[in-house]
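All remarks here apply to the structure that follows.
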Amino acid sequence: MAGADEMYDPTRHPDLRAWLAAREGAHAVWAARTSFGGVLDFSPASLTILDDLVRETADSMEEITDRRMTPFVQGAIWYVGEVFCRHKGMVWKYIPDLVSGQLEPFFDAGAETSAFDHPCVGAPGDPDSYVYPLNALRRILLTEDEVGDKVDDSLLSIFADPFGEDDEDDDEEMDPSAGWG
């Protein structure tokens, strides 16, 4: 693992740049293999098609994780990230682990995956904003959360609210009388 220093630019990691170039070069073939090449146009609406394709390909989060090095999942990761970049003004990033400060090996096929072995997208210049496309693909296959509540995420719903801000009111102070008639 390479250490990340203060001058590290998460948008310029050589493995990230090589992966992005490879994915862009492979996109036309990837899209054609899905049989939806003509409608996978990087529009937010096209995420619905990819959502269906992912659900046809895998039944669980673990299955997507296990298949993360396959051409289909690699193409899907890149596609999701590109839609966010093109329509949300985000950029691709490869960020160090928040606890250790270390960069995990990029898409380390031989190791157990962590949240940080693959690229993310986020607001330029904001180290605290990021969305992992692989995790978005995993999340759409989740049917219930850790407490058993039903989850019904889609790639389009994640795109609409990438940082889950609708569910969080961290900045709002609770009114103790609210809801008590």
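Under the UniProt record's numbering, think of the first position of the sequence shown as 1, with each following residue one higher. For glycine and all other residues, C-beta sits at the position ideal for the given N, C-alpha and C.
- For Leu-137, the three-state secondary structure derived from DSSP is helix.
- In this structure, Gln-74 and Arg-23 form a Cβ contact; the two beta carbons are roughly 7 Å apart against a cut-off of 8 Å.
- Here Pro-133 is not near Gly-101, since their CB atoms are 8 Å or more apart.
- Counting only unbroken stretches of 3 or more residues, the beta strand (DSSP E) elements lying wholly within the region 50 to 124 are 91 to 93 and 120 to 122, in sequence order.
- Here Arg-68 is buried, its C-beta having at least 16 other C-beta atoms within 10 Å.
- Judged by beta-carbon spacing, Ile-64 lies within the 8 Å limit of Leu-137, meaning their Cβ atoms are closer than that value.
- Ranked by how close their Cα comes to the Cα of His-13, the residues Asp-161, Ser-129, Ile-95 and Pro-124 have Ile-95 in first place.
- Of all C-beta pairs linking the region 144 to 156 to the region 23 to 41, fewer than three are shorter than 8 Å, placing the two stretches out of contact.
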